[in-house]
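Peer 1: The structure is given below, and queries will be raised subsequently.
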Amino acid sequence: MSDKVYELIIIGGGPAGYNAAERASEAGLSVLLAEGRALGGVCLNEGCIPTKTLLYSAKIFDYAKHSAEYGVKFDGASIDHSFVVDRKDRVVKTLTGGVAAAMRAHGVEVVSEFAEILGRSAEGFEIAAGGKKYTGRRLLVCTGSSPALPPIPGLRESVASGFGLTNREVLGLKEAPKRLCVIGGGVIGMEMASYFNSIGTEVTVLEMLDHIGGPTDGEIAKILKRNYEKRGVNFMLGAKVTAVGSSSVTCEYEGKSVEVGCDKVLIAIGRRANSAGFGLEKLGVLCERGAVVTDGRGRTNVAGVWAAGDVNGRSMLAHTAYREGEAAVRDMLGIRDEVDYDAIPSVIYTNPEVASVGLTAEAAKARGLDVIEKSVTMKMSGRYLAENEKGDGIVKLVVGREHRELLGVHMIGGYASEIIYGCAVMVARKMRLSDIEKCVFPHPTVCEVVREACFSIK
Ligand code: NAI
154 MSDKVYELII IGGGPAGYNA AERASEAGLS VLLAEGRALG GVCLNEGCIP
204 TKTLLYSAKI FDYAKHSAEY GVKFDGASID HSFVVDRKDR VVKTLTGGVA
254 AAMRAHGVEV VSEFAEILGR SAEGFEIAAG GKKYTGRRLL VCTGSSPALP
304 PIPGLRESVA SGFGLTNREV LGLKEAPKRL CVIGGGVIGM EMASYFNSIG
354 TEVTVLEMLD HIGGPTDGEI AKILKRNYEK RGVNFMLGAK VTAVGSSSVT
404 CEYEGKSVEV GCDKVLIAIG RRANSAGFGL EKLGVLCERG AVVTDGRGRT
454 NVAGVWAAGD VNGRSMLAHT AYREGEAAVR DMLGIRDEVD YDAIPSVIYT
504 NPEVASVGLT AEAAKARGLD VIEKSVTMKM SGRYLAENEK GDGIVKLVVG
554 REHRELLGVH MIGGYASEII YGCAVMVARK MRLSDIEKCV FPHPTVCEVV
604 REACFSIK
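Numbering (this note's numbering), first residue to last: 154 to 611.
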């Protein structure tokens with residue numbers, strides 16, 4: 154038992170946890186961070202960063218394949234998947250090493266072990282990690298999420314045998330499968346379908362709903378699907394997976410039972426909060442549908458216990474996790490701060506990229522808001538046209554009818570992932586079209602389309 158009483162114990166060293174540790178330590182709190190796996194969480198080790206590394210290689214390969222359209226000729230291009238995976242491992246190692254260095258620089262004590270909550274004492278919250286006990290006055294739970302594996306016959310067995318892959322295993326595949334079946338046409342499904350399609354794998358996406366992209370604006374989801382159909386991805390929408398075998402996936406599709414043969418199957422049907430198995434229930438922390446219930450400041454129902462990141466099930470994005478961790482630390486310090494969940498950008502790193510922030514027209518109407526929706530082609534941008542003569546990108550704005558305030562921006566096309574941050578600021582500040590029109594955007598850029606879209610609303 155360590156005699157020291159930490160001012161803050163953080164469980165989980167992903168984006169929510171390590172960022173909160175830095176902020177809390179900067180503010181003068183003594184911080185202990187327990188992480189049982191590698192620092193950086195899903196984002197750095199088996200999510201955002203490794204995926205983007207793979208997708209960048211795929212993008213270069215795609216450019217090479219189509220270079221003649223831009224007057225660049227060379228004899229042929231090929232991609233070495235195992236080299237790409239090795240490069241990804243190097244990038245991940247550099248970044249996780251960077252997190253460890255940042256923890257040292259901030260004086261955060263890191264315990265590289267899984268933590269278990271034992272309960273509370275007069276001093277605070279007691280946890281055990283690596284055979285030692287620690288006490289903290291405050292507790293921040295940042296335990297993240299895991300892939301959802303619903304009770305579909307054969308699904309769990311497929312993961313055990315190596316035929317079925319989650320986001321973790323798919324990023325480590327040393328050899329590209331000839332045929333990949335992707336269950337779920339959401340973010341992970343589409344990003345990995347994109348990578349494997351680019352490198353020559355035959356990809357089939359099975360999606361239960363009648364559209365891909367989850368809550369993505371419907372028109373944009375259709376454009377995305379059209380782009381990938383042209384590239385040869387096979388989509389089966391409205392497909393209900395009934396079983397996973399050892400070399401195929403069976404689904405109900407258009408009233409028939411259909412078997413889709415494949416060499417690997419990627420399971421990308423959402424994630425579940427990691428709220429069980431480490432003693433949280435001993436503190437009486439309220440969970441709903443498996444996720445820790447928090448308010449906009451990360452507070453749980455138990456005084457002294459905060460939660461941030463995927464474990465609260467609210468947004469499940471790394472950048473939300475950063476923000477939630479910061480808001481929680483500020484709350485601990487008595488500084489008022491609240492996460493604005495209506496201004497969180499999201500990106501699908503396909504090619505073309507999809508990005509959005511704020512409300513879709515559908516979501517706005519569901520809230521009883523009277524809105525105007527307007528989309529414009531990205532071809533209004535000279536730079537977009539110069540780079541994408543055949544492109545079909547759009548930018549769509551959702552604005553309040555009465556005050557013309559910006560409520561949502563949705564786009565598909567090159568650079569969307571970078572442009573969206575500016576839109577997030579506009580949505581967070583509820584800027585009116587008349588305010589945005591007075592801002593100067595650099596020319597020639599693709600982001601100019603946002604300004605043009607404002608002027609298109611009369
Ligand atoms: P998701 O929620 O984005 O998509 C899951 C899809 O699977 C949905 O379209 C759903 O309708 C479908 N589905 C569910 N059950 C099914 C079934 N039995 N058969 C067929 N389809 C089924 O979840 P995903 O892609 O697994 O991603 C998990 C989380 O990771 C998300 O919260 C996502 O935001 C996050 N993420 C974010 C990324 C980014 O920001 N670029 C990249 C990758 C993941």
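Beta carbons are placed, not taken as given, at the ideal position from N, Cα and C, and that holds for glycine.
If we ignore side chains and look at the alpha-carbon of each, how far apart do VAL551 and PHE278 end up?
Peer 2: In a straight line, the C-alpha of VAL551 is about 46 angstroms away from that of PHE278.
Peer 1: Measuring straight from C-alpha to C-alpha, what distance separates GLY575 and LYS591?
Peer 2: Using only the alpha carbons, I get a separation of about 14 angstroms.
Peer 1: Is the region 306–326 in contact with the region 469–489, if contact means three or more CB pairs nearer than 8 angstroms?
Peer 2: Contact fails: fewer than three Cβ-Cβ distances are below 8 angstroms.
Peer 1: Cβ of ILE270 within 7 angstroms of Cβ of GLY432?
Peer 2: Yes; because the gap between Cβ atoms is below 7 angstroms, this pair is in contact.
Peer 1: By how many angstroms is the C-alpha of ASN504 removed from the C-alpha of MET345?
Peer 2: When rounded, the distance between both Cα atoms is 11 angstroms.
Peer 1: Is ARG257 helix, strand or coil by DSSP?
Peer 2: In this structure, ARG257 counts as helix in the three-state DSSP scheme.
Peer 1: Could you give the uninterrupted runs of the beta strand (DSSP E) lying entirely in the region 289–364, keeping only those of 3 residues or more?
Peer 2: The region 289–364 contains these whole beta strand (DSSP E) runs: 292–294, 298–300, 332–336 and 355–360.
Peer 1: Pick from MET584, LYS583 and ARG557: whose alpha carbon is nearest that of ILE610?
Peer 2: If we check each option's Cα against that of ILE610, ARG557 comes out closest.
Peer 1: On the DSSP bridge list, what partners appear for ARG424?
Peer 2: BP columns for ARG424 point to PRO300.
Peer 1: So what's ARG240 in DSSP terms, helix, strand or just coil?
Peer 2: ARG240 falls in the helix class under three-state DSSP.
Peer 1: Count the CB pairs spanning the region 522–536 and the region 383–392 that are closer than 8 angstroms, and state whether there are at least three.
Peer 2: The region 522–536 is not in contact with the region 383–392.
Peer 1: Leaving out five residues on either side along the sequence, give the residues of the same chain with a beta carbon under 6 angstroms from the beta carbon of CYS440.
Peer 2: Same-chain partners within the cutoff: SER428.
Peer 1: Taking contact to mean 3 or more Cβ pairs, one atom from each stretch, closer than 8 angstroms, check whether the region 320–327 and the region 181–188 are in contact.
Peer 2: Flag = no, the region 320–327 and the region 181–188 do not touch.
Peer 1: Could you give the distance in angstroms between the alpha-carbon of ARG240 and the alpha-carbon of GLY251?
Peer 2: Distance between the alpha carbons of ARG240 and GLY251: 17 angstroms.
Peer 1: Excluding five sequence neighbours on each side, which residues of the same chain lie with their C-beta closer than 6 angstroms to the C-beta of MET564?
Peer 2: The residues are ALA508 and VAL548.
Peer 1: Restricting to Cα atoms, I'd like to know which of ALA496, ALA481 and LYS212 is closest to LEU292.
Peer 2: Comparing Cα positions, the closest option is ALA481.
Peer 1: Pick from TYR406, ASN387, ASP228 and MET579: whose alpha carbon is nearest that of LEU559?
Peer 2: Cα-wise, what sits closest to LEU559 is MET579.
Peer 1: Comparing C-alpha positions only, which one of CYS600, ALA191, GLU479 and ASN454 sits nearest to LYS246?
Peer 2: It is ALA191.
Peer 1: Measure the alpha-carbon distance for VAL500 versus GLY193 and round it to whole angstroms.
Peer 2: Roughly 20 angstroms between the two C-alpha positions.
Peer 1: Which same chain residues end up closer than 8 angstroms to VAL445 when comparing Cβ atoms and leaving out the 5 residues on each side of it in sequence?
Peer 2: The answer, listed in chain order, is VAL294, ALA426, SER428, LEU433, VAL438, LEU439, THR453, ALA460, VAL464, ASN465 and GLY466.
Peer 1: Let me know the secondary structure DSSP gives LYS393 once reduced to three states.
Peer 2: Strand.
Peer 1: At 3 residues or longer, what runs of the beta strand (DSSP E) sit wholly inside the region 477–523?
Peer 2: Runs of the beta strand (DSSP E) inside the region 477–523: 499–501 and 507–511.
Peer 1: Under 8 angstroms, with one C-beta from each stretch per pair, do the region 335–343 and the region 408–422 reach the 3-pair mark?
Peer 2: Touching, yes.
Peer 1: By Cβ distance below 8 angstroms, which residues in the same chain neighbour ARG379 in space, the five residues on each side in sequence not counted?
Peer 2: If we look at ARG379 and ignore the five residues flanking it on each side, its Cβ neighbours are ASP545.
Peer 1: State the DSSP-derived secondary structure class of ALA173, mapped to helix, strand or coil.
Peer 2: The answer is helix: DSSP assigns ALA173 an H, G or I state.
Peer 1: Using the three-state DSSP reduction, which class does GLU266 fall into: helix, strand or coil?
Peer 2: Three-state result, GLU266: coil.
Peer 1: Report the start-end ranges of each beta strand (DSSP E) in the region 424–462 that is 3 residues or longer and not cut off at the edges.
Peer 2: Runs found: 424–426 and 458–460.
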